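Each residue of the sequence shown is one higher than the one before, counting from 236 in the numbering used here. Notes for the one structure printed next.
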Amino acid sequence: MGRQIFLFLFAVSLVTGCAAKPSQTEVEQQRLGVMVQALQQAIAVPSPEQLEVIARYGTDSRYYVMVRGWLVQTLSGVESQLAASGDAAPEAMRTKAEHLRAAIRRIDLE
Numbered sequence: 236m237g238r239q240i241f242l243f244l245f246a247v248s249l250v251t252g253c254a255a256k257p258s259q260t261e262v263e264q265q266r267l268g269v270m271v272q273a274l275q276q277a278i279a280v281p282s283p284e285q286l287e288v289i290a291r292y293g294t295d296s297r298y299y300v301m302v303r304g305w306l307v308q309t310l311s312g313v314e315s316q317l318a319a320s321g322d323a324a325p326e327a328m329r330t331k332a333e334h335l336r337a338a339i340r341r342i343d344l345e
C-alpha cells in the first residue's frame, strides 16, 4: 500500500509537470502522503513509539476524524478475526487489537 501511494504521488507529479518550485497543492499532497505512510506503519506495528506517531497525527484537529475512523475500522476487522478465531487467535492479533484500542483512547483524551 505504501508503495502504491508513492507511485501515485510520483505519477501526479509527472502529470502536473516538474516545476522548479512545487505549488502549495503539491506540497500539501506530499505532506499528506508522508502522513498516510507513517500512520499505516504505526497502525501495523504495535509499539509505544508507533502509538506516539498515531497521537501526533490523530490529535491534529484537521485529521482527527480521518485517523479515528481508520483506527475504528481497522479495530473492527481485527475484532472480527478474533471472534472468528476464538481461543485459537494468535497473540499478535490480540496485541494489535489492544494497540488500536490504546490509540483510540489516546487521541480521544487529547
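All C-beta atoms, glycine included, are put in the ideal place defined by N, C-alpha and C. Bear in mind the structure is a predicted one, so any value in this text is a computation, not a measurement.
Span of the alpha helix (DSSP H), counted from its first residue to its last, around Pro-283: For Pro-283, the enclosing alpha helix (DSSP H) stretches over residues 283 to 293.
Who are the Cβ neighbours of Glu-287 in its own chain at under 6 Å, not counting the five residues just before and after it? none
Buried or exposed, going by whether 16 or more other CB atoms sit within 10 Å of the CB of Lys-181? What is shown of the chain runs 236 to 345, which leaves residue 181 out entirely.
Would DSSP call Ser-320 helix, strand or coil? helix
The alpha helix (DSSP H) spanning Glu-280 covers which residue range? First, the residue type needs correcting, since residue 280 is Val and not Glu in the sequence shown. No alpha helix (DSSP H) contains Val-280, which DSSP labels as neither H nor E.
Roughly how far, in whole angstroms, is the beta-carbon of Leu-267 from the beta-carbon of Leu-306, given that I think they are within contact range, below 8 Å? 17 Å between Cβ atoms; not a contact.
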